[in-house]
Structure formats: structure tokens, C-alpha cells
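Worksheet: the structure to be examined is printed underneath.
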Amino acid sequence: MAKREFEVVPIPQVSLAPDQLSRQFLICNVCNDNYNEDGKHARLLPCLHALCFECLNKTKVDNQLQCPIPTCKLTHQLGDLDKTCPRDNTRRDLMDFVKVKQALSAVWCSVCPSNIATYRCKQCAEFLCGECQSAHKRVNATKGHVLLEIEKLKQSEDLDAFCRQLTCSEHAGNDLKLYCTKDICQKPVCMVCAIFSCKELNHKIESADKVADVKRQYIRAQIASMAKVGKEIQHVINDVKTEQEKVMNLRKTVEDEIDEIFDNMEKIITRGRADLKKTLENCVMAKQDHLKAQERELKRMKSEIEESSKFTEQALAYTNAAAFLQIHQTIMSRLKTLTEQLYEKEPHELATFGFHATGLIAEVQNKVAEMANIWSLSTFTSNCRAEFGDDPEENKSTTIVVKLMDFQKNVPFKSGTLDMANMNVIVKDPTGAETECSTKMKKGSCDELEVTVKPCMTGRHSLDFIVLDRVIVHKEFESKPAAIVRGGIKKDPVSPKIPPKNEGQEPDSPAQGGMQKPDMLFVRERSHRDFSVSKDRKVFKIHRPWESIDLDKSIYNFVGRYKGTFCVNGLQCPGIYRYAIKMNVKIMKPLDKSGLVFELGIARRSAIGRNLVVEGQKFAWSMIGAHHANCDAICLHIAHNNHLLHHEILTSNTAGTTMERLFGFELDTEFGQWKVFDQETEKQICVMEAIDCSESLYPVVAGYNPNRVEVTATIVKFD
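The numbering used here applies: residue 139 is where the sequence shown begins, and numbers increase by one.
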């Protein structure tokens with residue numbers, strides 16, 4: 139992503155009541171004692187829970203520590219204790235805040251405890267009585283300190299007055315007001331440390347306050363990302379709850395079917411009915427157990443996110459830069475872990491079971507056990523698939539093997555059997571006509587079905603494996619023309635010759651709905667002010683601040699915040715559109731972490747202009763070229779629905795290096811697919827599915843960091 143420009147934001151006020159702050163942040167989770175500044179000072183665990191230093195040493199075993207919180211219980215490898223579990227000095231400031239807020243009558247002087255304090259020195263972090271306050275003003279070393287009235291502090295909700303300046307542990311009396319950004323340091327330092335300890339080459343010293351502001355902004359951005367994950371988890375929880383309700387509703391339906399059959403033969407099959415209901419109950423309970431277990435796990439994950447968010451928001455409330463910087467890496471690591479954690483986005487079970495009783499009454503005497511049964515299908519759609527044996531051809535039967543698995547990748551049929559009565563396989567041809575296909579269990583298999591398909595025409599088909607109106611497996615495939623046999627030799631069909639175009643006919647404009655290679659043009663008069671588009675509307679180029687651009691100012695109009703432009707004509711359904719864009723990149727200066735270079739994509743007009751990129755916008759799909767920190771190179775990154783589809787290195791992040799790449803694109807508006815190709819090697823890079831083509835989509839191009847890179851995008855004819 140592009141490097142953000144950070145602003146210093148106001149420090150938020152404390153949102154929790156003093157007693158809540160005390161319970162949540164000032165009491166050890168093991169011994170329940172209040173934290174202090176000595177042996178019971180607070181230590182922050184990687185999971186953002188805390189315990190005192192004494193309990194940490196008592197609890198750890200073989201350099202491992204299990205979080206004492208019952209809902210967490212994460213195990214941490216301690217290693218360097220000060221890095222893994224840093225001292226949390228933000229709580230030290232919070233102690234004085236709570237002390238003032240909870241004082242029923244008076245706060246006692248820190249110097250002479252028998253006297254009532256009336257002031258607090260912000261620099262010394264001491265409560266002072268009247269005499270000590272007067273002495274404080276007389277002494278040269280302290281007369282410039284800020285003294286705050288206790289009564290006013292009781293009315294304030296701002297933590298700023300309680301923040302203590304940390305001093306260097308190696309150079310007594312020196313404030314930690316600087317920060318070394320070198321990888322081996324990454325810590326607050328004093329002036330002496332900066333001069334002597336960090337004097338080696340490439341140690342960069344910055345203001346601790348400045349670095350803290352930047353880190354706070356990064357963490358706020360991470361909180362926003364984590365909040366999105368929390369919302370997605372809640373959606374999955376809702377889906378799981380809905381499926382639980384469906385399971386229970388279907389249970390009632392199946393019970394009604396059972397009762398309707400067995401009421402006519404109750405005297406004969408009372409025992410059989412009870413057995414069947416017990417089987418049904420087991421199926422229901424098994425599904426419910428899986429769904430409830432998934433719900434509990436998702437709630438636990440969501441609880442961790444909420445808990446970490448509360449702590450992080452509290453940590454962000456402190457203006458004590460050094461204290462904050464001691465724990466920001468721990469906070470960031472935890473937030474990143476929670477943001478990137480894996481979880482299933484679909485319910486582990488579906489309400490797919492029923493009751494089947496063919497010919498039960500006539501054969502009840504000796505067939506009840508054989509003919510009546512409860513079936514249950516525990517499929518997990520993400521683990522199921524359909525595969526072809528041979529490529530489908532027009533008017534030729536072919537076999538598709540459908541493999542079904544549950545969420546644990548086990549056989550989804552209870553007792554290894556499958557009832558076909560409530561299952562259908564429907565194939566839809568390009569005209570929308572539906573055909574039901576025959577299905578049977580594959581010989582020697584207990585989790586694979588063989589489906590016989592005979593396409594009656596060429597083109598794109600779709601296959602749906604359906605259970606109780608629920609689509610378990612969806613597969614799209616192309617049916618090609620049947621091969622021609624001549625003289626005993628099988629030959630592929632010859633494509634019909636395309637008649638020559640009439641003089642003056644518009645090039646590349648086939649009938650609507652067919653393959654199209656549009657003559658694309660960039661919108662020139664609406665391109666972003668940092669960039670320019672050539673007069674023929676074929677070339678997009680970064681415009682550096684010191685360069686002039688050849689653009690008519692009278693028609694100049696910005697596209698919101700978007701750092702690029704889009705094509706004049708949108709791609710409309712129906713149709714398959716092919717186009718190509720050549721990207722030329724030259725690195726002038728190495729990019730910083732996550733620095734953007736370019737973006738290519740498609741989007742609705744309404745999605746263009748809201749942000750610097752269209753990536754992540756609803757109704758927008760794109761690929762990004764950016765500096766990737768792990769590779770330390772300029773990489774191509776393509777993601778869709780929170781899944782990484784493609785990642786490759788394009789060029790090194792070194793001044794003077796260049797890259798030229800010709801990307802081909804194909805948008806199938808009917809089936810909602812956007813394909814990306816390496817046009818020169820004719821190799822498909824990736825395919826994005828489920829593209830919403832109900833409205834026109836516009837190809838977009840953007841470039842970034844004009845002071846560091848040269849980016850040129852040229853529309854070329856698709857071969």
C-alpha cells in the first residue's frame with residue numbers, strides 16, 4: 139500500500155471510570171495485587187494481557203509462559219524478556235490518575251506524607267503540599283516545572299498531566315527523548331546514548347515524540363483493519379447461528395415426515411421409529427456440536443479482538459512517548475496476529491439431512507430396518523470439488539467426478555452411505571436450459587460420485603450438485619466442438635474463416651455478446667493533477683511536481699483522491715472483452731516500505747475517486763505493483779476476497795533499474811471472470827471470480843511516488 143502522510147492527532151481522553159481502569163489495568167491477573175514500581179511492576183505479554191514481574195517469574199516454565207487469562211491461555215516463548223514482555227510504564231502513569239480520581243478526601247504529599255497535597259509536579263511526578271510547592275518554586279532545578287492543582291486534576295479526564303518522562307537506565311538523569319530507528323536498536327534513547335552508543339553508520343536518531351505519533355497512526359490503521367476482521371467474524375457467527383436455526387427447523391420437518399409415515403403403523407414399528415429418531419438426534423447433535431464449537435471459537439477470536447482493541451485504545455491515550463514506544467512493538471505484533479489469523483468463513487455444517495421411507499408400509503414386517511433411515515450429509519463446500527476425466531465435447535458423454543468432504547476433510551456420509559433421493563445434479567447450457575444428470579457412487583469409493591454429462595452444444599456450461607435446494611458444488615466448464623474423424627484419423631475441428639471487413643467498417647467490433655477487443659482511450663480531461671495523459675489518449679504518465687503538463691486547464695477536473703485515470707468507455711454485459719496495457723517503470727530512488735508504484739484494475743465509476751487506490755473498494759478489482767518489505771523488491775500483488783491469488787517480484791528496489799511488462803486482460807461479463815495474462819509469454823497469471831458485471835466496469839490505471847519512480851502505462855492492441 140502507499141506510504142501514508144501522518145498527522146499528529148489529539149490524545150483521546152480516558153473513557154473508562156477509575157474503578158474500571160483499576161480492575162482492568164492496575165491489578166495483576168495472577169496474584170490480584172496492585173502493580174507498583176518495584177518487584178510488582180506490570181509486564182505486557184504478547185497477547186496484550188499483563189501480570190506483575192514477580193508472577194511472571196513464578197509462572198514461566200523452561201522459558202515458556204502460558205497466559206493466565208482463562209479465555210486466552212496462549213503460550214509464549216519468552217526469549218529476550220524485555221522485548222517479549224516489556225515493562226509497561228503506561229500503567230505507572232495510570233496509577234496516579236486513578237489515585238487522584240478515587241481519593242475520597244485528600245491526596246498526601248509525596249515528600250512529607252503527613253501533609254495534604256494541593257499540587258502535582260508534572261515533571262517530577264510528585265504530589266506536593268503548600269510548603270513543598272513553595273520550595274519547589276525556589277529551587278533553580280525545579281522552579282520552571284509545571285505545577286498543577288489537585289482539584290483541577292480531579293475534574294480532568296486527560297492523562298497528559300500524569301505522564302512521567304522516562305530516564306535512561308544506563309545514563310542516570312538523562313531523559314529518553316530520542317529514538318534510534320536502526321533495526322538492532324528500535325528503542326528510546328537519551329542524548330548520551332545517541333552520541334556514544336548509536337554513533338555507528340546508519341543509526342538514525344529522531345524525536346521520540348515524532349516517532350510515537352507515527353507509530354500511533356500505524357496502530358490506529360491496524361485497529362481499523364482488525365475491526366474489519368472482527369466484523370467478518372461476526373458475519374460468520376451470524377451464518378453459523380442461521381444454519382443452527384435451519385438445522386432445528388429441518389429437524390422439525392423431518393420429524394413430521396417420520397410421524398406421518400409411522401402413525402399408520404405405530405403398533406408394528408414403535409421400536410423402529412424410536413431408533414430412527416435416536417439416529418436423527420445423533421445427526422442433529424453432531425451438527426450442532428460442530429456448529430456450536432465453531433461459534434465458540436469465533437466468539438473467542440472476536441473477544442480477543444475486542445479485548446486487544448480496548449487495551450490498545452487505552453495505550454494510545456498516553457502522551458508518554460517513551461513508555462508507549464516500549465510496548466508499541468508488542469501491541470503491533472498482537473494486532474497483526476489477530477488481523478492475519480485464519481478462520482473458516484463458512485459454517486462447518488449445513489442443514490442437510492432428511493428422512494426417506496420408500497415402500498415402508500407394504501414391507502414393514504421384514505423391511506423396516508432396511509427401508510427407513512436417517513441420512514445426513516456433512517459437506518463443507520470449500521473442501522468439495524468436481525473434476526473432469528476428459529475435456530467435454532459437444533454431443534459426447536463425459537464423466538465428472540464429484541468429491542465430497544466435511545469441514546475436517548473426512549467422508550461426509552454417515553455410516554459411509556448416501557441417499558440419492560434428495561440430491562440432484564443440474565447442468566445449465568449457454569442458453570440457460572437445464573438438464574438433470576444421472577449420478578452414482580464411484581466404484582470402490584465412499585466419498586466420490588460419478589456424474590454423466592452430455593453437452594448438446596459448445597460454449598460455457600455450469601454444473602450444480604444440489605442437496606435439498608442447497609448448492610454444494612458449483613463447477614463451470616467449456617464444451618468444445620466434437621472432433622471430426624476422416625479416414626480413420628481424428629482431427630480437431632477447423633474454425634470457420636472470418637470474412638474480410640468492408641472498407642470503412644469499425645475495427646474490432648463484433649456482434650454484442652461475443653469476443654471484443656475494444657479500442658480503449660484514457661479519459662484525459664479528468665486525469666489527476668499529478669499525472670498527464672497524451673493527446674491521443676493512449677499513454678498515461680506520472681507528472682513530477684517540477685515538470686509541466688500538456689493539458690487544457692479549462693477542461694481540467696480532478697477524480698477525487700484517485701492518483702490516476704480510467705478509460706472512456708465502460709465494459710458492459712454481455713460480452714467478453716480483451717485489452718492489453720504495457721507498463722514501463724524506472725526506479726529513480728529506492729522506495730520506502732510498502733511504497734506504491736502502480737495499479738491496474740477495473741471498477742464501477744462510483745468506486746473511482748474515493749481513495750488513492752480502487753483496491754478494497756466495493757465493485758472494484760485490481761492488481762498492485764509496490765515495494766514489498768519482505769522481498770525488498772518491487773512486487774506484483776493480486777488479492778481477492780482476502781485471499782492472495784498471485785505474488786511475484788517485478789524488479790529490484792534499486793536506483794536506475796527499469797522494468798517493462800505487457801499485461802493482457804480478459805473480462806467475461808456473463809460469467810463474472812477477470813483474467814490477467816503475461817501477454818508476451820501468453821501465460822495466465824490469475825483469474826478473479828464472482829466479478830459483478832451488472833453495471834459497466836471501467837479499466838483504470840494509476841501511478842504513485844513520482845519523486846521516486848517513473849511510471850508509464852500505454853494501451854496496446856490485444857493480439
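C-beta: ideal position from N, C-alpha, C; glycine also.
Would you kindly report the start and end of the unbroken alpha helix (DSSP H) that includes residue i?
i	result
His283	His283 -> no alpha helix (DSSP H), and no H or E assigned at all.
Gly268	Gly268 to Arg276
Leu219	Leu219 to Thr222
Gln382	Ala346 to Phe400
Thr569	Here Thr569 belongs to no alpha helix (DSSP H), and DSSP marks it neither H nor E.
Cys190	That residue, Cys190, is in no alpha helix (DSSP H); its beta strand (DSSP E) goes Ala188 to Cys190.
The beta strand (DSSP E) that contains residue i, what's its start and end?
i	result
Ser600	Gly597 to Val605
Leu587	Glu586 to Val591
Met561	Met561 to Lys566
Ile680	Val677 to Ile680
Gly702	Gly702 to Phe704
Lys613	Arg608 to Ser617
Met579	Thr577 to Met579
Cys318	Leu316 to Cys318
Leu212	Per DSSP, Leu212 belongs to no beta strand (DSSP E) and is neither H nor E.
Gly851	Note that residue 851 is Ala in the sequence shown, not Gly. Counting along the chain, the beta strand (DSSP E) containing Ala851 begins and ends at Val847 to Val854.
Leu203	Gln202 to Gln204
Val249	Premise fails: Val249 is in no beta strand (DSSP E) and is neither H nor E.
Pro326	Lys325 to Val327
Quick one: measure Cβ to Cβ for residue i and residue j, integer angstroms, because I've assumed they're closer than 8 angstroms.
i	j	result
Thr228	Ala424	Not confirmed; about 48 angstroms, so no contact.
Ala572	Ile714	The question names Ala, but residue 572 in the sequence shown is Glu. Going by Cβ atoms, the distance from Glu572 to Ile714 rounds to 23 angstroms, so no, they are not a contact pair.
Tyr836	Cys705	5 angstroms
Val392	Gly527	Rounded, the Cβ-Cβ distance is 36 angstroms, inconsistent with contact.
Ala718	Phe603	Ala718 to Phe603, Cβ: 37 angstroms. No contact.
Glu287	Tyr257	6 angstroms
Arg699	Arg748	7 angstroms
Assign residue i to one of three DSSP states: helix, strand, or coil.
i	result
Phe545	coil
Ile714	strand
Ser744	helix
Ile288	helix
Phe334	helix
Lys196	helix
Met721	strand
Ala180	strand
Thr256	coil
Val839	strand
Met233	helix
Glu827	coil
Val671	strand
Gln654	strand
Gln403	Reading the sequence as shown, one finds Met at residue 403 and not Gln. Looking at Met403 - three-state DSSP - the assignment turns out to be helix.
Pro844	coil
Phe300	helix
Phe757	coil
Gly739	strand
Ser633	The predicted position of Ser633 is uncertain, since its pLDDT is 38 and thus under 50; no value can be drawn from it.
Asp171	coil
Arg225	strand
Asp313	strand
Leu734	strand
Leu709	strand
Leu689	Bear in mind that the predicted position of Leu689 carries a pLDDT of just 43, short of 50, making it unreliable; the figure below should be weighed with that in mind. The answer is coil: DSSP assigns Leu689 none of H, G, I, E or B.
_Secondary structure, beta strand (DSSP E): runs of 3+ residues fully inside the stretch 763-822_ = 771-778, 781-790, 796-806 and 811-816
*Taking only runs that begin and end inside the stretch 419-501, name each unbroken beta strand (DSSP E) of 3 or more residues, in chain order.*
491-495
*Are the stretch 209-224 and the stretch 169-178 touching, with three or more C-beta to C-beta distances below 8 angstroms?*
no
_the stretch 448-464 touching the stretch 342-357, judged by at least three CB pairs closer than 8 angstroms_ = yes
_Closer than 8 angstroms is the cut-off here; do at least three beta carbon pairs connect the stretch 710-726 with the stretch 789-797?_
yes
_Runs of beta strand (DSSP E) lying entirely within the stretch 503-541, each at least 3 residues, in chain order_ = 510-514, 523-526 and 536-541
*Pair every Cβ in the stretch 418-433 with every Cβ in the stretch 269-286, then say whether three or more of these pairs are closer than 8 angstroms.*
no
*How about the stretch 366-376 and the stretch 430-440: do they share at least three Cβ pairs that are nearer than 8 angstroms?*
yes
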